[in-house]
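Here the structure comes first, spelled out in structure tokens, and everything after it is commentary.
There are 2 protein chains.
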Amino acid sequence: MNPSKLSEISRPIAAELDAFQDLFKKSMRSKTPLVDLVARYVLKQKGKKIRPLLVMLAAKTQSEVNERSYRGAILVELLHTATLVHDDVVDNADQRRGFPSINAVWKNKVAVLMGDYLLSKGLMIAVKNKDFDFLEVMTDTVRRMSEGELLQIQKTRKLDIDEETYYKVISDKTASLLETCCEIGAMSAGASQEERIAMKKFGEYLGISFQIRDDILDYEGTAKVFGKPIGGDIKEKKITLPLIYALRTVSKSQASDIRKLIKKEGKKDSVRKVIDFVHEQRGIEYAEVQAEIFAEKAKDCLKIFQDTTAKASLTALVNFVVQRKN
Amino acid sequence: MNPSKLSEISRPIAAELDAFQDLFKKSMRSKTPLVDLVARYVLKQKGKKIRPLLVMLAAKTQSEVNERSYRGAILVELLHTATLVHDDVVDNADQRRGFPSINAVWKNKVAVLMGDYLLSKGLMIAVKNKDFDFLEVMTDTVRRMSEGELLQIQKTRKLDIDEETYYKVISDKTASLLETCCEIGAMSAGASQEERIAMKKFGEYLGISFQIRDDILDYEGTAKVFGKPIGGDIKEKKITLPLIYALRTVSKSQASDIRKLIKKEGKKDSVRKVIDFVHEQRGIEYAEVQAEIFAEKAKDCLKIFQDTTAKASLTALVNFVVQRKN
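From first to last, the protein sequence lines are chains X and R. Under our numbering, the residue at position 138 of the first sequence is numbered 1066, and the numbers go up by one with no gaps. Under our numbering, the residue at position 70 of the second sequence is numbered 998, and the numbers go up by one with no gaps.
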């Protein structure tokens, strides 16, 4: 399988993904014209749909995609969309997936309310169908996602994040949802306790390597078509793994000089210097190795499952995540 | 009973409210220092605590305040606090209950994430204690609150809201949560289906008169110690009941002139003219009569309950709500 193409990875559940897309659209409908208008706008920005893909591949690895798997996929995608919409406010981002952000188009008011609306819609679907086991994992995930971001903001101010705290941040803000996708997928398809935990762990490790890769991409020199511009994290004073490693390899006074550059709020020149410093100190290579380690750990979690095309796709997805260019 | 003092109204459940306050504080705790810091800041701004008061009075009218009543009260207050924190972003408000808003102090980033954190915390407590019936009413309430605000924003742009839509907006954005407080209180204390519906209706009517009163206060001439400044709604182009009525009493061309004044984005002079117009056309008196009608409807809903001090307090609370000066 060619792991560079998501369409190939999703082939074993192509029909299910189409069915999902229809159900997802319906789940966002509203009688309030403004809500409906924003929802349509959100739907136009087609993301990678990695989260519903994970739910359905996890289910298919177990047995079959069923009604509950679809509901789980809709729940995670509605919540993910809610956090994206809220992130637009959070980051003051002007662009999201190449589109102007909701925030820029409709301002903060609508973005906050629309995020709350999508979040409640997801939870309502779970409540109405009595998927209380989904809610149990999901409400804690929402807590971890917001708390992880807040921890990052706290550390950002002091520029004092170490590797251990970095892993706590990315585990909470990113991996927790991917973990939940896999767990919910397994739960929907009658997994045993052991299988459920293995799938959850798979999602966690996948999520960690996903975020490390995301943080590496912020340092890569090639212009990106989608996503955040290069050096965006440094401008926001987010210290991620490549920089954490680079700072560790130099003397205290050198590290202090770099921190002073970061404090210069995104001057183009100083951002460039920090990027060069990270490359010189081999921060990218270090982070790539770590992403690979977590990718291998993720693959190990799949060992207890029978070899199926769905399982092969999960493995290919791991490779896709650590090799992606955007 | 003197309905002008909340402390008198809450006397029948004074001990329970103290116990609630302790539990509420605990529910907001976090190991992440920034989250804890913001939570402490939020706790310092003591609001009227009308929502937990409603839950507990509704329970006490039925039988006794119990563990589930406390959890219900914490759920509604966490959600209410979450919406207040999100409102700070939404309104770009600088002040909230006389304090600088979270937004002004910590900026939008933290306000959005902290709101999401509080929301998930409330839902987590319900999930962990298997209060699924609470979740059923609560998730729909969150949906109505965000959708109601979005409907108001939509109508605000066109300045074309009529009385019927006004009631839909305030029923969704404000009354829905008060309705849920009363319903959850009744549910926690073993209410019959008939009692549960009566208590829910009580909360709905109370909530509508509460919001009409709130909208009247925006036109009242006396300087207010707490809350929003006079004319704030007009500045934001929110057309509320006093103005809807006033516009209806004049010719189309006169109404069109007033709309032009409103479009002049909050010039002090034009805001003053709109306020004077509403007073001249007796918009305040009309809204006061409507608030009274809903207050009476609310009291009617209590007829099926036995006369207790808790029921007397609910009646006094209705009077407090329609007579309050802030």
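Note that beta-carbon positions come from the ideal geometry of N, C-alpha and C, so glycine has one too.
Inset, instruction - Can you tell me which of the three DSSP states Q1121(X) falls into? - result: For this step, residue 1121(X) is matched to residue 193 along the first sequence. In this structure, Q1121(X) counts as helix in the three-state DSSP scheme.
Inset, instruction - Could you list which residues in chain X have their beta carbon closer than 7 Å to that of Y1095(R), in chain order? - result: For this step, residue 1095(R) is matched to residue 167 along the second sequence. The contacting residues do not exist; Y1095(R) stays about 15 Å from chain X at best.
Inset, instruction - Consult DSSP for P961(X) and reduce its assignment to one of helix, strand or coil. - result: Counted from its first residue, the first sequence places residue 961(X) at position 33. Looking at P961(X) - three-state DSSP - the assignment turns out to be helix.
Legend entry - Minimum Cβ-Cβ distance from V1038(R) to chain X less than 9 Å: Along the second sequence, one-based indexing puts residue 1038(R) at 110. With 9 Å as the cut-off, V1038(R) counts as an interface residue toward chain X.
Legend entry - Delimiting residues of the alpha helix (DSSP H) encompassing A1240(R): As a working mapping, residue 1240(R) is identified with position 312 in the second sequence. A1240(R) -> alpha helix (DSSP H) spans 1237–1251.
Legend entry - Three-state class that DSSP yields for Y1147(R) in the structure shown: By 1-based counting over the second sequence, the position of residue 1147(R) is 219. Here Y1147(R) sits in coil by DSSP.
Inset, instruction - Report the option in V1004(X), T1168(X), L1046(X) whose CA atom is closest to the CA atom of Y1214(X). - result: Taking the first sequence and counting its residues from 1, one reaches residue 1214(X) at position 286. Cα-wise, what sits closest to Y1214(X) is T1168(X).
Inset, instruction - Measure from the alpha carbon of L962(R) to the alpha carbon of each residue in V1013(X), E992(X), T989(X), G1076(X), then state which is nearest. - result: As a position in the second sequence, residue 962(R) is number 34, starting the count at 1. Taking only the C-alpha atoms, the option nearest L962(R) is G1076(X).
Inset, instruction - Check distances from the C-beta atoms of the stretch 1062–1082 of chain X to those of chain R and list, in chain order, the residues that come in under 7 Å. - result: Contacts with chain R (Cβ-Cβ distance below 7 Å) from the stretch 1062–1082 of chain X involve L1063, E1064, T1067, D1068, V1070, R1071, S1074, E1075, E1077, L1078, L1079, I1081, Q1082, listed in chain order.
Legend entry - Own chain partners of K1253(X) with C-beta closer than 7 Å, once the 5 adjacent residues on each side are dropped: Position 325 of the first sequence, counted from the start, is the residue given in the question as residue 1253(X). Sequence-distant Cβ neighbours of K1253(X) in its own chain, meaning closer than 7 Å and more than five residues away, do not exist here.
Inset, instruction - Compare the C-beta of Y1045(X) against all C-beta atoms of chain R and say whether one is closer than 9 Å. - result: Looking up residue 1045(X) in the first sequence gives position 117. With 9 Å as the cut-off, Y1045(X) counts as an interface residue toward chain R.
Inset, instruction - Inspect the beta-carbon positions of I1053(R) and L1012(R) and report whether they are closer than 9 Å. - result: Walking along the second sequence from the start, residue 1053(R) turns up at place 125. Walking along the second sequence from the start, residue 1012(R) turns up at place 84. For I1053(R) and L1012(R), no; Cβs fall outside 9 Å.
Inset, instruction - Hey, could you find the ends of the alpha helix (DSSP H) E1220(R) is sitting in? - result: By 1-based counting over the second sequence, the position of residue 1220(R) is 292. Residues 1211–1229.
Inset, instruction - Give a yes or no on whether 9 Å exceeds the smallest Cβ distance from K974(R) to chain X. - result: Within the second sequence, numbered from 1, the residue matching residue 974(R) stands at position 46. Chain X, which has no Cβ nearer than 9 Å to the Cβ of K974(R), makes this no.
Inset, instruction - Report the option in K953(X), P980(X), F952(X) whose CA atom is closest to the CA atom of A934(X). - result: Residue 934(X) sits at position 6 when you count from the first residue of the first sequence. It should be pointed out that residue 934(X) corresponds to Leu in this sequence rather than to Ala. Checked all of K953(X), P980(X), F952(X); the closest Cα to L934(X) is P980(X).
Inset, instruction - Taking the CB atoms as reference points, tell me whether S1137(R) and V1249(R) lie closer together than 9 Å. - result: The sequence position of residue 1137(R) within the second sequence is 209, counting from 1. The sequence position of residue 1249(R) within the second sequence is 321, counting from 1. Contact flag set, yes.
Legend entry - Presumed contact (8 Å Cβ cut-off) between L1079(X) and V1097(X), rounded CB distance: Here residue 1079(X) is taken as the residue at index 151 of the first sequence, counted from 1. Here residue 1097(X) is taken as the residue at index 169 of the first sequence, counted from 1. With 8 Å as the limit, L1079(X) and V1097(X) qualify as a contact, their Cβ atoms being about 5 Å apart.
Inset, instruction - Quick one: list the residues of chain R neighbouring K963(X), beta-carbon separation under 9 Å, in chain order. - result: To locate residue 963(X), count along the first sequence from 1; it is residue 35. It is Val, not Lys, that sits at residue 963(X) in the sequence shown. Correct list: S1074, E1075, L1078, L1079, Q1082.
Inset, instruction - Please confirm whether L951(R) and Y998(R) have their CB atoms less than 9 Å apart. - result: For the purposes of this step, residue 951(R) is taken as residue 23 along the second sequence, with counting starting at 1. For the purposes of this step, residue 998(R) is taken as residue 70 along the second sequence, with counting starting at 1. Contact: yes.
Inset, instruction - Ignore the nearest five residues each way along the sequence and tell me which others in L1105(X)'s own chain have a CB closer than 6 Å to its CB. - result: Counting from 1 along the first sequence, the entry for residue 1105(X) is found at position 177. Taken in chain order, the residues that qualify are T1069.
Inset, instruction - Could you check if R1176(X) is buried or exposed, using at least 16 other CB atoms within 10 Å of its CB as the buried criterion? - result: Here the question's residue 1176(X) lines up with position 248 in the first sequence. Per the 10 Å Cβ criterion, exposed.
Legend entry - Residue from R939(X), Q949(X), F1130(X) whose Cα sits closest to the Cα of F1222(X): What you label residue 1222(X) is simply residue 294 of the first sequence in a count that begins at 1. The candidate whose alpha carbon is nearest that of F1222(X) is F1130(X).
Legend entry - Short CB-CB distance (under 9 Å) between M1042(X) and chain R: Stepping through the first sequence from its first residue, residue 1042(X) is reached at position 114. So yes, M1042(X) belongs to the interface.
Legend entry - Spatial distance of A1219(X) from E1092(X) (CA atoms): Start at 1 with the first residue of the first sequence, and residue 1219(X) comes out as number 291. Start at 1 with the first residue of the first sequence, and residue 1092(X) comes out as number 164. Computed Cα separation, rounded: 15 Å.
Legend entry - Neighbourhood of R1072(R) by C-beta, 7 Å cutoff - its chain only, sequence neighbours within 5 removed: The residue given as residue 1072(R) occupies position 144 in the second sequence. Contacts found: D1100, S1104.
Legend entry - Contact list for T960(X) against chain R, beta-carbon separation under 8 Å: Locating residue 960(X) in the first sequence gives position 32, counting from the first residue. Those within 8 Å of T960(X) in chain R are E1075, L1078, L1079, Q1082.
Legend entry - Candidates Q1139(X), E1122(X), A1119(X): closest to Y1094(X) by CA position: In the first sequence, counting from the first residue as 1, residue 1094(X) sits at position 166. Of the listed residues, the one whose Cα sits closest to Y1094(X) is Q1139(X).
Inset, instruction - With DSSP as the reference, label S1179(R) as helix, strand or coil. - result: The residue labelled residue 1179(R) in the question sits at position 251 within the second sequence. Secondary structure of S1179(R) (DSSP, three-state): coil.
Inset, instruction - Work out the CA separation of Q990(X) and A1119(X) for me, nearest whole Å. - result: Locating residue 1119(X) in the first sequence gives position 191, where the first residue counts as 1. Locating residue 990(X) in the first sequence gives position 62, where the first residue counts as 1. For A1119(X) and Q990(X), the distance between alpha carbons rounds to 7 Å.
Legend entry - Sequence-distant residues of the same chain with beta carbon closer than 8 Å to H1014(X), five excluded per side: Against the first sequence, residue 1014(X) aligns to sequence position 86. Closer than 8 Å at Cβ, skipping near neighbours: A1039, V1040, G1043.
Legend entry - Where M1052(X) meets chain R, residues with beta-carbon distance less than 8 Å: Within the first sequence, the letter at position 124 stands for residue 1052(X). In chain order: T1067, D1068, R1071.
Inset, instruction - Could you tell me which of V1246(R), E1064(R), A942(R), K974(R) sits nearest to K953(R), measuring between CA atoms? - result: Numbered from its first residue, the second sequence carries residue 953(R) at position 25. Residue K974(R) is the option with its Cα nearest to K953(R).
Legend entry - Spatial distance of D1143(R) from Q1082(R) (CA atoms): Walking along the second sequence from the start, residue 1143(R) turns up at place 215. Walking along the second sequence from the start, residue 1082(R) turns up at place 154. Using only the alpha carbons, I get a separation of about 18 Å.
Legend entry - Any C-beta of chain R under 9 Å from that of S1048(X): Start at 1 with the first residue of the first sequence, and residue 1048(X) comes out as number 120. So, interface residue.
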